Amino acid sequence: MDTEAMMLTLCEFLDMSKNAPLKDVIFSAFKEAIALGRIPAGTPINEKQLSTALHISRTPIRAALDQLAAERLVERKPGSGVIVRGISRRDADEVFEIRSVLEVLATTKAARNMTESDYEELRALLEHGQRCNANNDVDGVIQNMDDFNQFIYAKADSPRLRSIIVPLQAYSRYFRNVSIRPEVRRNKALEEHWGIYLAMRFGPEKKIEQVVRDHIRNSYGFVSGEMANRGIS
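Per my numbering, residue 35 is the first one in the sequence shown, and the count goes up by one each step.
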């Protein structure tokens, strides 16, 4: 993919109406384009050429690329510049396998620690996600699902567990972006989050383990299918 083709692709995802710094707008556009496979793995990114093509300073482009590098979607190689890393099926297999263990642990620990007030706060969070979905606010639903997970990680109150989970979050957000945009999976995922909440609040720990594993398995199945449809190996 040459710089002109990349520019045209990015323009499809650039939302200049967002009330956000330019670097964040560029980052979001790059992230979505990479997540959807529109900018494939192995593609080089030339800051100077892209700056010229988009008629913007190199500074926000460099900042956006730094954010992408932090999320391991691109990498900086000495002598080669910035290369799109993307995410492979092998990455997906490994991340979902790890998540199936870590998220069960985080959720069961959170359930032990949470008060009635915490559960009401989590319920309100889920209701907000439903409202976002009813308004077809897909980005709002994606953010809500991330907030749901962050809430549980915080209530698990396990710094070491969180230190293991944090490096995986870039991948989790990527997979969520892929899986939650289609309406069918989005509705199902919201339903599964309600199931997790109910199991945490009222069920035995075995039930929590079951619903969390089912949620991870369903997410993996959808993401794996989407990656196959897009020719991501």
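We treat Cβ as the ideally placed atom computed from N, Cα and C, and that holds for glycine. Remember, predicted model here, so these are calculated numbers, not experimental data.
For residue i, the nearest candidate out of the options (CA to CA)
i	options	result
glycine 115	Asp180, Gln83, Asn178	Gln83
serine 253	Val212, Phe185, Ser197, Leu232	Val212
isoleucine 132	Ile198, Thr86, Leu102, Glu105	Ile198
histidine 249	Asp36, Gln184, His227, Lys111	His227
isoleucine 186	Ser85, Lys111, Ile230	Ile230
glutamate 38	Asp49, Ala98, Glu109, Asn80	Asn80
cysteine 45	Pro55, His89, Ala54	His89
leucine 136	Val200, Pro74, Arg106	Val200
aspartate 180	Ala145, Tyr205, Asn53, Arg146	Tyr205
glutamate 150	Gln177, Arg110, Pro216, Phe236	Phe236
arginine 146	Lys65, Ala126, Glu239	Glu239
proline 78	Val108, Asp152, Asp127	Val108
Helix, strand or coil at residue i according to DSSP, with G and I counted as helix
i	result
isoleucine 60	helix
isoleucine 68	helix
glutamate 243	helix
isoleucine 266	coil
glycine 115	strand
proline 193	helix
proline 55	coil
proline 78	strand
asparagine 170	coil
serine 91	coil
methionine 234	helix
methionine 179	helix
proline 201	helix
leucine 42	helix
leucine 48	coil
aspartate 36	coil
isoleucine 250	helix
arginine 215	coil
Residue j beta carbon less than 7 angstroms from that of residue i
i	j	result
alanine 190	lysine 143	yes
isoleucine 266	glycine 71	yes
alanine 104	methionine 41	no
valine 257	phenylalanine 209	yes
alanine 69	phenylalanine 47	no
arginine 123	methionine 261	yes
leucine 202	valine 138	no
alanine 233	lysine 222	no
isoleucine 214	arginine 220	yes
leucine 224	glycine 174	no
Counting Cβ pairs, one atom from each stretch, are 3 or more of them under 8 angstroms apart for the segment 115 to 131 and the segment 162 to 169? Too few Cβ pairs lie closer than 8 angstroms, so no.
Do the segment 57 to 65 and the segment 94 to 105 touch if we need at least three Cβ pairs shorter than 8 angstroms? The segment 57 to 65, when compared against the segment 94 to 105, does touch it at the 8 angstroms Cβ threshold.
Under 8 angstroms, with one C-beta from each stretch per pair, do the segment 151 to 165 and the segment 236 to 250 reach the 3-pair mark? As far as the Cβ criterion goes, the segment 151 to 165 does not touch the segment 236 to 250, which means the pair count is below three.
Whole runs of the alpha helix (DSSP H) within the segment 104 to 150, excluding any shorter than 4 residues: The segment 104 to 150 contains these whole alpha helix (DSSP H) runs: 123 to 147.
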